[in-house]
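The sequence shown begins at 0 in numbering that gives the first Met the number 0 and counts up by one.
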Amino acid sequence: MAKGVKTIKFKGPYHPDMTVLGKRVTLLADKEVTFEVNDWLPGTTAEEKKKPVVWIKQTADRQGVIEKKASAVGYKFKIAKKYCGNYYYYIEASLSGKRDSNTTGLYVKGWTEPRIIKSAWCKQRGGEDERQSYVFSYGHIIHLRLDTEGLNGEKVFVDVYKVVEGGKGLKDDKLIFTYYNVDVVDGQINLKIGNTYQWYGIIGKPKAKEEFYVRVKTASGLEVTDGKDKIHARFLRIQNNVVSKGIESSVTNTPTKVGLPDKNTKNTHKCTFRQINVDDNGEHFVVFKEGSTKFKKITSETQLVTSRIHFAFDRAEIRPNERDVLQAILDFLLYNQHLDMTLSGHADDRGTLDYNQGLSERRAQAVKDFFVKGGLLKNRIKTRGYGEVNPAVSGKTEEAYKKNRRVEIDFSYLEYNQAALIYETIGPDAKKNKEITVSVIDRENKGCFRKEKHDKTTIYINETGGKDLRPKKGEKVKQTVFSQQAQFPKNYVLMLAKFLNPFSEIDYKFAFYINSCAYYASKKNATLEVRVYPDIIWIGHFQYNSEDKVMPYYFHEKNFTLEQGISDVLNELKNTTFYKIYRLFPANFIMEQTLLKYIESQAKSYFYGIHTIHNRTVEKSGQELSLVGTQTNLIKQTDYTRFAAAAVIYGFVVIGILVELLMIYLTRGRNIATKLQKFAKMARRADAVLKRMEDAGVELIPPAIAINAGMYYQKQKDGKLGVVYEVNIKADPLIAISFKKEFDLLQLITKTIQDIKGAMYPKDKVAKKKLDLNKENNNNIAEYFKNKGVPEIKGIIEVKGDIMFEHNVKYSLLTNTYSIIDKLKNGIFTAKDEVLLKDQIKFTATVLGSYKYEFEFDPLQTSIQGKLNITIQGSCGSRLRYGVDNKGGKGLFVKKTLYCSGIEGTYLGELKIKNRFTDVFDTSTNKGKPAPFTLIEPFEMPMYEIQLFKP
């Protein structure tokens, strides 16, 4: 029972009105379609249907194979505009790889609007355009080349015109000659013009220099343009000089390829391998799979091959044992049609010169016939006979005669050299090391044309800095690998800098050489590069707790020894240049006089530690981080980290305190700074400062803050490796405050946030619109009470509330993605790297005395970032933004922004003014309706930044 492909089908865009389904298909230019098997012959088994099918693209007469490709997922095909036209390709699928004499395939062509794209006048076929550098003479043979679209396979008429000087345009230009039935082959017109002396006679009396151009028409009479113009190849220049009176036939030549074959064409070869795997840490990874792996930086180099077959005495028939040699070459060239060949026939020196010449030519022709019958395009094969002239060996022995009766098959092919495959892993140092296994699937070197064939049984290995390649036999080899952390933790400063610098070389490399003709052909280039990264985890802990004990809040719940007390650390901090610059800023000076005093008084409440774990038992990809390994307490090792610890602790406590900014805002910065400076001068002890803060109406509940952070390399589920920054932050509370402050309404409504350094209006269009509408009412209300003789309207602003949160933040440098887990569920995610805390510091405003019933207060900004609706009278809170800056050396950092909703008031009374000319003169600025005004403008203020990893 017959087996194999019965019919094929296609999926993709086509021209229905130019298509006969099941027979002929017309595709859209440059649009890809996929051909698939439609039906199988009844004898085809289920297993055979799963195998790759060989797709064969042939010439229209089905005599020549243009492309041959094996695929299990169909044949992707598109026709470029230059190949569109009347020329049909024949596409079929074969289970055996052989062509079918029946019509099981489809005839396919492409269509696009006919165009002339480019032109050239050349001295020789395939030559350079000479229009700008050379003037021809009559009698010269001239080659016209026109690049086309939509004309492939057509026969066209080429009209040559002479420009008539002084004429009125194209109508006056003279038609010199028409060339009929000019073939368009592979999208090109290549016309050899051998009758230019005939032009001389037609012109009659040529001028010193004449100019010529061409026009092109199809057989149907359509004149072809370049999209606009119907004149092409401007201008051929011929001087009034005759170099030859000979006339040759003008013929169409086939296109000539210039330069090397296409370097990006896939090379199909029997010297190949199908797959490369790496087994690592109990996991299996496929690093190369033929047909699916995308290569980077593909380059190629041309290899020249000479193969020989030999003949019996005085015979030109190919012997059976030589057919295998020819078949191997044929199979290779069918899959690589961009390569040409030359066949050179030879004979021994017995017989006459003429007889041996003919015999050598017949032998070369016999080999050509074999290849053409097998599907090679005959115009790609050149033959020549040398007779007895070039013997392979000298001598009159039978052995010498056998070697000289031969055909030499010379062809070139491209070997492809891809950039090495990269496999990344995490490893310990050389003392502990680990083992990986590299295996190669279906490796073979049959059909290798190299003189020194690729070795299919050996894998060569080299490591960083090594010069020699170490061979290991077998398709599966084991290799010990390790990272460059032998000096760790002694060199931890250098290693930390490498972790934070994305341009540093922190990996240790092992190169595997698995070469073949099809892939990674050059034996000088590695096929697989295994990069081993340090398995170090950097861990930092920072805590503040007023109960003077460590909070049980550790990185991945593993206990670490933390240092208690920061008195010495703070003293070191004060002596740094950083701190001296920092304290020059006004707001920071206030902080120094209040919060730093407070922090110093609570020095024993701070705990910190910096540890590393290396030579770990590394987790599998996608699993929970493993902390099993050698632990080092870096603070016990050196004092280097003490400053970093102090900066983080100080910075984070500072950004947690919102009191300063609230007080600056509500007092417009006038009184509080003076008061606090006086308090600082008066205070001999920190508790005296706290007493003064209480006198000012501020009740500060000490925060409880715990931070732990880690930085490490981790493998994802897809096998890729990247640096992960992880931080866990818990504040319970971050800040709790009770604050009550008297204010003057008339003074407050005329002030803006411009008085507050660093404050910015939020990007809230609704709030901004309200602000603009309320400005006039603000001034009217203030002016009314001023005219009425009311100097001030007293009120009270009361601030109460707390903020607490616990976040787990992970950032992958590989994917540039964040993972933020809000463990207390009190945050709103406004962006991929930003959390808005819901629990707010809330504030209310009331007016005292006789005017208290004429004013109401509501939040001005009713939403923050369009996410958080504010239903209270006013709100102040913070936004935490997590970021990574490796280029700047910051690593993972946290930025904090204070935001305030602002308060909008509504004046409910009527604005009446008594005039001395009348008893009562009423003027209502609010036209009898409640008048909205702005008591406190909404604002945002960037605060501080904590850098959790910085060398």
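The beta-carbon is built from N, C-alpha and C at its ideal position, and this holds for glycine as well.
Residues bridged to residue i [DSSP beta-bridge criterion]
i: K793; result: D743
i: T382; result: L342
i: T6; result: D38
i: V285; result: N276
i: S70; result: V52
i: R409; result: The question names Arg, yet the displayed sequence has Asp at residue 409. Answer is T305, T341.
i: G721; result: Q713
i: A766; result: According to DSSP, which records beta bridges pairwise, A766 is partnered with nothing at all.
i: R214; result: D158
i: C270; result: N444
Other residues of its chain near residue i: CB distance less than 7 Å, five sequence neighbours each side excluded
i: K793; result: E741, D743, L847, G848
i: V163; result: D171, D172, K173
i: D128; result: A119, W120, C121
i: D29; result: K77, A79, K80
i: G446; result: H268, K269, C270, A327, F331
i: G73; result: T33, F34, E35
i: R442; result: F272, K455, E474
i: S70; result: P51, V52, W54
i: K690; result: With a pLDDT of only 43 at K690, under 50, the local geometry of the prediction cannot be trusted, and the value read off the model is given with reservation. Excluding residues within five positions, none has a Cβ falling inside 7 Å.
Bounding residues of the beta strand (DSSP E) (the contiguous stretch that carries residue i)
i: K472; result: 469–472
i: F854; result: 854–858
i: A525; result: Looking at the DSSP string, A525 is not in any beta strand (DSSP E), and its letter there is neither H nor E.
i: L847; result: Careful: L847 lies outside any beta strand (DSSP E) and carries neither H nor E.
i: V181; result: 173–184
i: T456; result: Neither: T456 is in no beta strand (DSSP E) and is coded neither H nor E.
i: S503; result: Looking at the DSSP string, S503 is not in any beta strand (DSSP E), and its letter there is neither H nor E.
i: T195; result: T195 -> not in any beta strand (DSSP E); alpha helix (DSSP H) instead, spanning 195–202.
i: G426; result: 420–426
i: L190; result: 187–192
Sequence-distant residues of the same chain with beta carbon closer than 6 Å to residue i, five excluded per side
i: D278; result: T436
i: N444; result: C270, K452, H453, K455
i: S41; result: First, the amino acid is wrong: residue 41 is Pro here, not Ser. Same-chain partners within the cutoff: M0.
i: D347; result: Y400, N403, R404
i: P113; result: G149, L150, V223
i: A525; result: A419, A510, Y512
i: P205; result: N239
Cβ separation of residue i and residue j, assumed to be a contact under 8 Å, to the nearest whole Å
i: I188; j: F211; result: 16 Å between Cβ atoms; not a contact.
i: V286; j: I115; result: Going by Cβ atoms, the distance from V286 to I115 rounds to 48 Å, so no, they are not a contact pair.
i: I275; j: L527; result: 6 Å
i: G84; j: N180; result: Rounded, the Cβ-Cβ distance is 15 Å, inconsistent with contact.
i: P941; j: G757; result: 6 Å
i: A391; j: N461; result: Contact flag wrong, Cβ pair sits at about 40 Å.
i: L958; j: F284; result: Because the chain here runs from 0 to 950, residue 958 falls outside it and cannot be looked at.
CB contact flag (residue i, residue j, <8 Å)
i: R361; j: A315; result: yes
i: F938; j: N776; result: no
i: L143; j: L105; result: no
i: F554; j: N432; result: no
i: T18; j: N37; result: no
i: L934; j: F856; result: yes
i: V241; j: Y87; result: no
i: V529; j: K508; result: yes
i: I317; j: A363; result: no
i: L94; j: V157; result: no
i: Q563; j: F606; result: yes
i: V476; j: D534; result: no
i: K108; j: T43; result: no
i: A485; j: D428; result: yes
i: V531; j: D547; result: no
Residue i: first and last residue of the uninterrupted alpha helix (DSSP H) it sits in
i: M494; result: 491–499
i: Y400; result: 397–403
i: P12; result: Where P12 is concerned, there is no enclosing alpha helix (DSSP H), given that its DSSP letter is neither H nor E.
i: K367; result: 352–373
Chain C within 8 Å of residue i, Cβ atoms only
i: H345; result: Of the protein chains in this structure there is only one, and it is not chain C.
Same chain, Cβ closer than 8 Å to residue i, neighbours up to 5 away in sequence not counted
i: L376; result: T58, G63, V64, I65, Q336
i: H309; result: R318, E321, K401, K402, R404, R405
i: K49; result: A71
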